[in-house]
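The next block holds one structure in the form of structure tokens; read it before the comments.
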Amino acid sequence: MGTLNKQATMLRLQKIKDISFIALGSVIIAISTGFFLVPANIINGGLAGIAIILNAVWNIPVDVTVGVLSVFLFFVGLILLGWKFSLNTLVATLVYPAALSLLLRVFPSNPIGFDFDNDFHLLLAGIFGGSILGLGVAITFLFGGSTGGVDVFYFIMKKYFDIKQSITSFVIDAGIIITGMFVIGVINGLNGILSAFASALVIEIVFIGLSSSYLGMIISTKWREINHFILHELERGSTLIEVKGGLTEADYRMIQVGFDRKELNALKEFVATTDPKAFAIFTNVKSINGYGFEPFPMRFNARMSQNKKKNGTKISSKI
Numbered sequence: 002m003g004t005l006n007k008q009a010t011m012l013r014l015q016k017i018k019d020i021s022f023i024a025l026g027s028v029i030i031a032i033s034t035g036f037f038l039v040p041a042n043i044i045n046g047g048l049a050g051i052a053i054i055l056n057a058v059w060n061i062p063v064d065v066t067v068g069v070l071s072v073f074l075f076f077v078g079l080i081l082l083g084w085k086f087s088l089n090t091l092v093a094t095l096v097y098p099a100a101l102s103l104l105l106r107v108f109p110s111n112p113i114g115f116d117f118d119n120d121f122h123l124l125l126a127g128i129f130g131g132s133i134l135g136l137g138v139a140i141t142f143l144f145g146g147s148t149g150g151v152d153v154f155y156f157i158m159k160k161y162f163d164i165k166q167s168i169t170s171f172v173i174d175a176g177i178i179i180t181g182m183f184v185i186g187v188i189n190g191l192n193g194i195l196s197a198f199a200s201a202l203v204i205e206i207v208f209i210g211l212s213s214s215y216l217g218m219i220i221s222t223k224w225r226e227i228n229h230f231i232l233h234e235l236e237r238g239s240t241l242i243e244v245k246g247g248l249t250e251a252d253y254r255m256i257q258v259g260f261d262r263k264e265l266n267a268l269k270e271f272v273a274t275t276d277p278k279a280f281a282i283f284t285n286v287k288s289i290n291g292y293g294f295e296p297f298p299m300r301f302n303a304r305m306s307q308n309k310k311k312n313g314t315k316i317s318s319k320i
């Protein structure tokens, strides 16, 4: 009983830690928006980009647009994607608009002191704004959160139309940036593109790291529930392996699964809540190649084709 209470306490503390860092990430995003992107009218996509465009056209305050759209998209996600997704976006939905509104109304319109008639200053605002934005997003992702906002559309298109989130993200952000070029100016739009690249690069370094591939090995008496989650929620394949405990020599089932860094928190949380007594190892791997992951490099494919011709055998890409 004491062990279970200790585990429950640890889970609560972990949840508090996660929420705190998601809130911190949201504040960092607000700083990048309020101190760099909004003063310079740099549009690199997202809700802030839409808000800057509406401010330029109809003089609607940026924080008002961000707040209204954040709440609206939260309820869209709740209806179309379910409460689990919405819970992941709740902290960012509340903290980001509030922090942005506070920054824009308390601090002067150009708190860093950029000279926006100077193209170099405009470039600095875009690069630093995008980099700080990427840091905030990466922190939010690392602790199991989501930034909400236009991310809702990415998940809707994936769920209902099976369109990759990366494609939807590119189309929406490109549309926002191109619209900004017509409304505010080409130079600001080009700086927005550089800012978006800086943001993506920081997310790649901080959140994904040098390799985004992970290998999980999970031993649990509730392996069926965990395996079902892997197959139907993460939409990953798995391998079930018969194993024997070294001390007790009891027989167990071990689940082996390869997945992306962005799925790590979801899998760990499900295992912890489903079977607190489970034993799990999650390790970063150099690469995972094959069906559902990165294809084998071309030089290996060429070698496989040569062997196929030599031996007269067929090679299947799916096991």
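Under the working numbering, the first residue of the sequence shown is numbered 2, with each subsequent residue one higher. Virtual Cβ for every residue (Gly too), placed ideally from N, Cα, C.
Using the beta-carbon count (16 or more within 10 Å), is residue i buried or exposed?
{"i": "T141", "result": "buried"}
{"i": "L48", "result": "buried"}
{"i": "L134", "result": "buried"}
{"i": "T10", "result": "exposed"}
{"i": "D152", "result": "buried"}
{"i": "L14", "result": "exposed"}
{"i": "P296", "result": "exposed"}
{"i": "L136", "result": "buried"}
{"i": "F121", "result": "exposed"}
{"i": "V203", "result": "buried"}
{"i": "N6", "result": "exposed"}
{"i": "G150", "result": "buried"}
{"i": "H290", "result": "Residue identity differs from the one stated: residue 290 is Asn in this sequence, not His. Label assigned to N290: exposed."}
{"i": "N189", "result": "buried"}
{"i": "V39", "result": "buried"}
{"i": "F260", "result": "buried"}
Quick check: what's the CA-CA separation for residue i versus residue j?
{"i": "A31", "j": "Y97", "result": "6 Å"}
{"i": "L143", "j": "R262", "result": "9 Å"}
{"i": "K269", "j": "A251", "result": "24 Å"}
{"i": "L70", "j": "N42", "result": "19 Å"}
{"i": "K319", "j": "I128", "result": "Residue placement at K319 is flagged as unreliable, the pLDDT there being 36, under the threshold of 50; the coordinate-derived value follows with that caveat. Straight-line Cα distance between these residues: approximately 42 Å."}
{"i": "I113", "j": "S33", "result": "11 Å"}
{"i": "W59", "j": "Y215", "result": "47 Å"}
{"i": "I54", "j": "F37", "result": "15 Å"}
{"i": "I29", "j": "G35", "result": "10 Å"}
{"i": "F75", "j": "L91", "result": "8 Å"}
{"i": "G176", "j": "T222", "result": "49 Å"}
{"i": "S288", "j": "S110", "result": "46 Å"}
{"i": "G186", "j": "R237", "result": "44 Å"}
{"i": "I164", "j": "F117", "result": "39 Å"}
{"i": "G83", "j": "K16", "result": "20 Å"}
{"i": "G247", "j": "K85", "result": "38 Å"}
{"i": "F108", "j": "A100", "result": "12 Å"}
{"i": "R106", "j": "Y292", "result": "51 Å"}
{"i": "N119", "j": "A199", "result": "20 Å"}
{"i": "A201", "j": "F73", "result": "26 Å"}
{"i": "F171", "j": "K245", "result": "48 Å"}
Just verifying my parser: in three-state terms, what is the DSSP assignment at residue i?
{"i": "T148", "result": "coil"}
{"i": "R262", "result": "helix"}
{"i": "E270", "result": "helix"}
{"i": "N89", "result": "helix"}
{"i": "N60", "result": "coil"}
{"i": "F108", "result": "coil"}
{"i": "R13", "result": "helix"}
{"i": "A281", "result": "strand"}
{"i": "I220", "result": "strand"}
{"i": "D118", "result": "coil"}
{"i": "I43", "result": "coil"}
{"i": "Y215", "result": "strand"}
{"i": "D252", "result": "strand"}
{"i": "I54", "result": "helix"}
{"i": "L241", "result": "strand"}
{"i": "E236", "result": "coil"}
For residue i, collect the residues of the same chain with a Cβ closer than 6 Å to its Cβ; drop the 5 residues on either side in sequence, then sort them by chain order.
{"i": "L280", "result": "Checking the sequence shown, residue 280 turns out to be Phe, not Leu. Contacts found: I220."}
{"i": "N56", "result": "V63"}
{"i": "A52", "result": "V63, T66, V67"}
{"i": "G217", "result": "V258, F283"}
Going by the CB atoms, is the gap between residue j and residue i shorter than 8 Å?
{"i": "E243", "j": "R254", "result": "yes"}
{"i": "S27", "j": "D64", "result": "no"}
{"i": "S21", "j": "A93", "result": "no"}
{"i": "F230", "j": "F271", "result": "yes"}
{"i": "L95", "j": "S87", "result": "no"}
{"i": "I157", "j": "L235", "result": "no"}
{"i": "N192", "j": "L124", "result": "yes"}
{"i": "V207", "j": "A267", "result": "no"}
{"i": "V275", "j": "I227", "result": "The question names Val, yet the displayed sequence has Thr at residue 275. Yes. Within cutoff."}
Under 7 Å Cβ to Cβ from residue i, same chain only, skipping five residues before and after it: list those, please.
{"i": "L12", "result": "A273"}
{"i": "W224", "result": "R254, I256"}
{"i": "I61", "result": "L55"}
{"i": "F154", "result": "T169, I173"}
{"i": "A24", "result": "V92, V96"}
For residue i, which residues from the same chain have a beta carbon less than 8 Å from its beta carbon, with the 5 sequence-adjacent residues on both sides left out?
{"i": "A197", "result": "N45, G46, G131, D174, I178"}
{"i": "N89", "result": "G145, G146, S147"}
{"i": "T240", "result": "I256, Q257, V258"}
{"i": "K159", "result": "K165, Q166, T169"}
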